[in-house]
Amino acid sequence: MNFDKHLKFTIQEETEQNLQGIRLVHRLAFQRDDEAEVVDRLRENCPVFISLVAKIGDKVIGHVLFTPARLIQNQGWSIEGLGLAPLAVLPEYQKQGVGTGLCVEGLTRAALSEFPFVVVLGDSAYYPRFGFKKASTFGIRCAYEDVPDEAFMIKILKPKIMTDVEGVVYYRQEFDSVS
Ligand SMILES: CC(C)(COP(=O)(O)OP(=O)(O)OC[C@H]1O[C@@H](n2cnc3c(N)ncnc32)[C@H](O)[C@@H]1OP(=O)(O)O)[C@@H](O)C(=O)NCCC(=O)NCCS
Numbered sequence: 013m014n015f016d017k018h019l020k021f022t023i024q025e026e027t028e029q030n031l032q033g034i035r036l037v038h039r040l041a042f043q044r045d046d047e048a049e050v051v052d053r054l055r056e057n058c059p060v061f062i063s064l065v066a067k068i069g070d071k072v073i074g075h076v077l078f079t080p081a082r083l084i085q086n087q088g089w090s091i092e093g094l095g096l097a098p099l100a101v102l103p104e105y106q107k108q109g110v111g112t113g114l115c116v117e118g119l120t121r122a123a124l125s126e127f128p129f130v131v132v133l134g135d136s137a138y139y140p141r142f143g144f145k146k147a148s149t150f151g152i153r154c155a156y157e158d159v160p161d162e163a164f165m166i167k168i169l170k171p172k173i174m175t176d177v178e179g180v181v182y183y184r185q186e187f188d189s190v191s
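Sequential numbering of the sequence shown, starting at 13, is according to the working numbering.
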């Protein structure tokens, strides 16, 4: 898929050839190794995930990953959705629509999957443009302590399944090493 609004780049599923480029994007965007390492662990361990790269030619300039996240309902049973994390764009390509392209394409694919929701823990000024809403308004909270209320957001993909669903969302344990 082409996103021509600001910069000419393509978005596609990751391939083996992209793995070094993905690591570099996260290291440079977050200025540390944690996110790059967690992406490698999640890729190894997750049975299903959505991993998209933004590219110019062969160069990876952005990456987004969606992995399973479990919502444990107040009644005790659970429902599996997706967590969007991490999202990163090489610093020199930021604010040119690349992050938007990755989110839009990833959420389009998520909507075609069986997963009924996507959660994200991030900037409340950025993610609402993709349809994310404060999760607490649905009675849904993040398992991590000390998360600002507005930073934990949810996008409902299957409203029928999510009717009256309330509870706590647990990200995969690979994220526990990322602060
Ligand atoms: C956050 C990030 C992925 C956004 O990607 P991007 O390609 O720069 O974003 P886009 O060009 O698609 O969107 C730009 C818009 O988002 C806004 N924006 C970008 N990053 C933002 C942030 N962290 N918080 C709030 N708004 C942000 C810009 O101001 C701009 O707004 P406008 O469209 O109203 O002018 C990128 O800045 C990045 O890699 N940051 C470092 C890693 C990071 O913090 N990842 C997110 C973790 S939740």
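Beta carbons: idealized from backbone N, C-alpha and C, even for Gly.
Backbone CA spacing between residue i and residue j [nearest angstrom]
i, j, result
"Asp161", "Val131", "13 Å"
"Leu94", "Glu186", "14 Å"
"His75", "Tyr105", "12 Å"
"Asp135", "Tyr156", "16 Å"
"Lys67", "Asn30", "9 Å"
"Lys167", "Glu28", "30 Å"
"Asp188", "Leu40", "21 Å"
"Ile62", "Phe127", "12 Å"
"Ile173", "Phe129", "9 Å"
"Phe21", "Lys145", "28 Å"
"Trp89", "Gly151", "15 Å"
Beta-carbon spacing of residue i, residue j below 8 Å
i, j, result
"Gly109", "Leu64", "no"
"Leu114", "Leu99", "yes"
"Met165", "Ala137", "no"
"Ala6", "Leu169", "Residue 6 lies beyond the stretch modelled for the chain, which goes from 13 to 191, so this question has no answer here."
"Val37", "Ile91", "no"
"Glu51", "Leu77", "Inspection of the sequence shows that residue 51 is occupied by Val rather than by Glu. Yes, the Cβ-Cβ distance between Val51 and Leu77 is below 8 Å."
"Arg153", "Val177", "no"
"Glu47", "Val190", "yes"
"Leu124", "Val159", "no"
"Phe142", "Val116", "yes"
"Lys71", "Gly111", "no"
Boundaries (first-last residue) of the beta strand (DSSP E) holding residue i
i, result
"Pro80", "Lys71 to Gln85"
"Thr27", "No beta strand (DSSP E) holds Thr27; DSSP gives it neither H nor E."
"Leu64", "Ile62 to Ile68"
Integer Cβ distance of residue i from residue j, believed to fall under 8 Å
i, j, result
"Pro80", "Arg184", "7 Å"
Per DSSP, cross-strand counterpart(s) of residue i
i, result
"Ser90", "Ile84"
"Ile166", "Val131 and Lys145"
"Val177", "Beta-bridge pairing links Val177 to no other residue."
Where the alpha helix (DSSP H) through residue i begins and ends
i, result
"Arg55", "Asp46 to Asn57"
"Arg121", "Val110 to Leu124"
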